[in-house]
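Below you'll find the structure, written out as structure tokens, and then a few comments.
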Amino acid sequence: MVDERVEVLFPGAEVDARVGELAREIKDRVPADVTVVGLLKGSFMFMADLIRAMDDEGMTPKVEFLQVSSYGLETTSSGRVKVIGDLPGSVGGRPVLLVDDIQDTGRTLKFTRDLLVENGADPVWTCALLDKPERRAVEIEADFVGFVIPDVFVVGYGIDYAENFRHLPFIGRLAPEGEV
Ligand code: 5GP
Ligand code: MG
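Just so it is clear: in the sequence shown, position 103 is 104 by our numbering, and no numbers are missing.
Here is the structure:
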């Protein structure tokens, strides 16, 4: 579906190709039976593609999700990270690959990585589909990154603005209010 407010940054085919490469990078460094923990909701589409790409590489990942929230309905981070619901109970003593849609200030990945480590996950790798290095506010760099992008607001491929646009099969930039 075409929406004039959304400009395509990475077409679906480009995302597919990069996810395939990411799975190959992951296979070289991470045990085949790693538990992949996706942060909801933004990572759900990336997770579905990534674990199938990992299967293509002969890996046998387990899959968990964790719901966190930091943005609410705004386009700028509140700086707070909140876990909604329970932690996956099965990470103790397990290798874990923590997956998020976007590494922005880094607070979400750092907070959730520390939480998994406190709950016995060992070792923990981190993966972000998109990375905005300009915006980093805490010390963390994801072990695996899909695409490095400038400080623009993105939607699509699971990523929302006020719960809209998650269904888009590509990653796009949402024009600021008034620009379109
Ligand atoms: P951080 O904690 O690194 O500042 O932010 C990470 C979270 O902020 C991401 O999981 C994502 O939910 C949200 N976020 C950061 N940049 C964007 C963006 O451009 N678009 C959307 N929709 N969410 C973003
Ligand atoms: Mg998020």
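Even glycine gets a Cβ: it sits at the ideal position worked out from N, Cα and C.
By the Cβ-count criterion, Gln-104 is buried, with 16 or more other Cβ atoms from all chains shown falling within 10 Å of its own Cβ. Ranking Pro-96, Asp-101 and Asp-50 by CA distance to the CA of Glu-142 puts Asp-101 first. Straight-line measurement puts the Cα of Gly-173 at about 29 Å from the Cα of Pro-62.
Under the rule that a run must span 4 or more residues, the alpha helix (DSSP H) segments found entirely inside the segment 12–93 read 13–30 and 45–57.
The beta carbon of Val-118 sits closer than 6 Å to the beta carbons of Val-125 from its chain, once the five residues preceding and following it are set aside; these are given in chain order. In this structure, the beta-carbon distance from Glu-65 to Lys-28 does not fall below 7 Å. Residue environment analysis places Val-92 among the buried positions, since at least 16 neighbouring C-beta atoms fall within 10 angstroms of its C-beta. In the three-state DSSP reduction, Glu-178 falls in the coil class, being neither helix nor strand. Exposed is the label assigned to Ile-85, since fewer than 16 other Cβ atoms lie within 10 Å of its Cβ. Pairing Gly-13 with Phe-171 gives a Cβ-Cβ distance under 7 Å.
Here Lys-83 is exposed, its C-beta having fewer than 16 other C-beta atoms within 10 Å.
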